[in-house]
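Working notes for the structure below.
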Ligand code: GAL
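In my numbering, the protein residues as written are 51 to 700.
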């Protein structure tokens with residue numbers, strides 16, 4: 051059964067409403083209440099002054115009403131007095147300026163003072179509430195990376211980076227070699243000479259850049275783990291999580307996830323649509339539903355991050371306040387997103403937030419209740435879900451027939467060596483996933499670290515960093531493999547592999563990539579595929595190969611050179627594929643890999659969870675769906691109105 055929750059800020063409301071709020075939550079069918087992630091300055095208003103009483107009382111009220119508390123460590127917002135006492139807590143920007151107090155997330159992950167203080171406050175929270183019978187889980191901090199806060203160029207960061215490099219390379223000669231420091235006379239004589247990227251004159255070597263990103267990512271892991279260790283020791287049997295920001299590529303979410311008991315993520319499809327790198331026409335069409343596959347992709351990604359255990363910790367309940375434009379979702383979408391999450395394997399959905407704020411930055415952000423306590427639209431949708439869930443049997447999410455690879459290291463590599471605006475790894479990987487969804491195929495979003503034995507096909511849209519272990523796993527499994535451009539084009543150190551790209555992937559397919567070019571939008575570079583003409587989008591590679599060409603470039607320049615090649619095991623694509631081309635190619639790959647597809651299903655989405663099939667209508671018109679004769683309809687009807695769904699059991 052899908053469990054429901056809310057994010058609650060009792061500190062923003064008078065005490066008089068707490069009891070009533072708790073009762074109304076229970077009546078609505080809410081189970082989890084997440085609290086206190088920004089409470090540090092309230093609990094510890096001054097150096098060595100504490101006020102726990104209000105938080106004790108809140109937990110007691112929520113718990114006795116029958117609610118389960120998700121307690122947070124409050125480290126995302128260190129208090130002003132603390133920052134004044136230890137100014138090295140503040141992060142430093144790329145120009146070398148310390149960022150200021152006055153909002154949130156104003157800390158440097160490498161700050162020695164911050165780490166000590168974060169451990170101290172975490173310990174106090176865990177000692178006080180760790181064994182509280184109403185506290186059932188812990189969230190560590192809040193949204194690592196929000197407001198671009200992973201990278202800091204402080205002295206502490208510089209010092210820690212040097213130590214990290216020393217550990218990684220051992221000797222400065224090894225670093226010089228790995229970074230290619232004979233180039234531009236960049237040699238170092240000791241680790242002490244190395245800096246972070248602050249105030250650099252132009253680009254540093256990509257090896258330096260990627261090492262700095264990986265170092266910063268490891269700092270996030272260490273900061274997170276330091277808190278998890280304290281909470282686990284003092285709060286037995288309460289699982290820990292972090293609420294990740296979907297799509298944020300600034301650190302390795304799989305690695306942070308390894309130290310947590312479950313993953314959770316924050317789902318804001320309206321803001322994600324407005325901020326997406328897609329045309330205005332696409333945005334207009336999906337203005338009030340968001341991109342159907344954006345929440346789907348993240349539900350899948352975080353299911354992997356949580357090793358099968360995933361919640362949505364913050365679900366958008368109406369318009370938000372922080373995107374370039376903040377339109378309202380269609381009525382019904384909050385319910386649809388909740389069921390979509392459940393279909394993808396999410397077991398708990400918490401709404402952000404219980405009551406719309408009357409003051410401060412997020413006044414325009416909707417909630418389940420209006421600021422005066424009256425129900426808003428999402429309240430009624432949650433009420434409906436709480437009823438509907440009774441009709442569904444308990445089920446577990448199963449492995450999908452195909453997987454898409456999402457690799458953080460490769461994202462960092464493409465950032466360090468973009469080679470032109472035309473190559474957009476984020477939207478590229480997402481488009482491959484989305485196309486599978488449009489063809490009615492369930493796909494897992496996974497990293498190269500998982501087991502591939504049981505997949506029928508593995509799609510690798512942009513795995514730039516060569517990875518021998520991964521290639522060997524693919525070789526040993528029966529899966530078919532589809533490689534996108536740039537796969538295996540750099541070693542771990544960000545060098546071109548000796549055997550030329552795609553590096554170790556050459557064990558799967560006979561090809562050398564001899565030239566790459568990025569193309570402007572106005573370039574017209576046609577490609578013939580399966581009797582149709584499409585175009586190269588933003589990227590083109592020249593291949594030297596003996597494999598069969600499935601598609602050709604047909605412009606005057608290198609006329610007839612292969613654009614897609616393949617053998618029985620593996621295909622390689624030498625351009626970026628979008629739109630109809632991608633649809634056509636993916637369908638062809640699915641047929642090749644013997645994966646059942648539904649063909650182009652437009653704005654419908656089919657998702658399977660155990661014996662249940664969920665069908666969602668993201669379009670503007672009612673759609674009729676064929677229900678299998680042996681199926682029982684559990685929710686909805688075969689004519690699905692817009693922003694609505696159908697569920698059947700087989
Ligand atoms: C999230 C954040 C919340 C709140 C919300 C508003 O990024 O975790 O604290 O700010 O956005 O949409």
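Don't be surprised by glycine CBs; every beta carbon is placed ideally from N, CA and C.
If you're wondering where the values come from, they're calculated on a predicted model, not measured in any experiment.
Exposed is the label assigned to residue 67, since fewer than 16 other Cβ atoms lie within 10 Å of its Cβ.
Residue 317: member of the beta strand (DSSP E) spanning 313-317, first to last residue. Distance from the CA atom of residue 542 to the CA atom of residue 516, rounded to whole angstroms, is 7 Å.
With 5 Å as the limit between CB and the heavy atoms of the ligand GAL, the residues that fall short of it are 193, 370. Straight through space, the alpha carbons of residue 170 and residue 181 are spaced by roughly 18 Å. Less than 8 Å divides the Cβ of residue 461 from the Cβ of residue 299. In the DSSP assignment, residue 613 falls within the unbroken beta strand (DSSP E) covering 612-616. Between residue 456 and residue 498, the alpha-carbon positions lie close to 8 Å from each other.
Contact between residue 100 and residue 93 is confirmed by a C-beta separation of about 6 Å, below the 8 Å threshold. The beta-carbon distance between residue 120 and residue 112, rounded to whole angstroms, is 10 Å. This is too long to meet the 8 Å contact definition. Contact between residue 285 and residue 417 does not hold, since their C-beta atoms are separated by about 29 Å, which reaches or exceeds 8 Å. Annotated three-state conformation of residue 568 is strand, per DSSP. The C-beta distance from residue 561 to residue 593 rounds to 5 Å, short enough to fall under 8 Å.
Taking the CA atoms as reference points, residue 405 sits about 13 Å from residue 84.
In terms of Cβ geometry, residue 191 and residue 126 form a close pair [threshold 8 Å]. Contact between the region 594-608 and the region 574-581 is present: 3 or more CB-CB pairs across the two stretches fall below 8 Å. Take residue 532, set aside five residues on each side of it, and the residues of its chain with a beta-carbon closer than 6 Å to its own are 509, 621, 639, in chain order. If the five residues before and after residue 520 are omitted, its C-beta is found closer than 6 Å to the C-beta atoms of 498, all from its own chain and listed in chain order. Residue 403 sits in coil when the DSSP states are folded into three classes, being neither helix nor strand. Per DSSP, the beta bridge partners of residue 664 are 657, 697.
Under the 8 Å Cβ criterion, the region 329-348 does not count as touching the region 305-314, having fewer than three qualifying pairs.
Judged by DSSP in its simplified three-state form, residue 187 adopts strand. With contacts defined by Cβ atoms closer than 8 Å, residue 90 and residue 178 do not form a contacting pair. DSSP links residue 622 through a beta bridge to 533, 615. For residue 307 and residue 439, the gap between their C-alpha atoms comes out near 29 Å.
Around the beta carbon of residue 265, 16 or more other beta carbons sit within 10 angstroms, so the residue counts as buried. With at least 16 other beta carbons inside 10 angstroms of its own, residue 188 counts as buried. Remark: C-beta atoms of residue 445 and residue 685 do not approach each other more closely than 8 Å. Sequence-distant Cβ neighbours of residue 429 in its own chain, meaning closer than 6 Å and more than five residues away, are 418. With a beta-carbon spacing of about 6 Å, residue 664 and residue 695 fall inside the 8 Å limit used to define contacts.
In the DSSP assignment, residue 308 falls outside any beta strand (DSSP E) and lies within the alpha helix (DSSP H) extending over 303-308. Distance from residue 491 to residue 647 at the Cβ level is roughly 5 Å; contact confirmed, criterion being Cβ atoms closer than 8 Å. Here the alpha carbons of residue 396 and residue 82 stand approximately 14 Å from one another.
Within a 10 Å sphere around the beta-carbon of residue 330 sit fewer than 16 other beta-carbons, which makes this residue exposed. Between residue 254 and residue 230, the CB-CB gap reaches or exceeds 8 Å.
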